[in-house]
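Peer 1:
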Amino acid sequence: GMGYVGCGSLDELRQKATFIRITSAGLKESHVHDVIITKEAPNYQIDWK
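Heads up, the sequence shown is in the numbering used here, so the first residue is 2 and it goes up one at a time.
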């Protein structure tokens with residue numbers, strides 16, 4: 002959101018924001034590696050286990 006791109010207002014966010022398309026492999030690589038999850042979060046699930 003706004004803090005991620007350094008915006009102070011919604012108008013500035015609309016001007017600065019860009020969408021970047023990545024592959025499914027890129028999405029997998031962008032997540033944390035080698036972490037043992039002891040309890041899954043109820044609102045977040047990874048399908049590629």
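Here a beta-carbon is modelled for each residue, glycine too, at the ideal position from N, C-alpha and C.
Where do the ends of the alpha helix (DSSP H) carrying Glu30 lie?
Peer 2: For the purposes of this step, residue 30 is taken as the residue at position 29 of the sequence shown. 25-31 is the extent of the alpha helix (DSSP H) around Glu30.
Peer 1: State the Cα-Cα distance for the pair Gly7 and Ala18, rounded to the nearest angstrom.
Peer 2: Working through the sequence shown from its first residue, we reach residue 7 at position 6. Working through the sequence shown from its first residue, we reach residue 18 at position 17. Straight-line Cα distance between these residues: approximately 10 angstroms.
Peer 1: In this structure, how does DSSP classify Val6 when only helix, strand and coil are distinguished?
Peer 2: In the sequence shown, counting from the first residue as 1, residue 6 sits at position 5. Of the three classes helix, strand and coil, the one that applies to Val6 here is helix, per DSSP.
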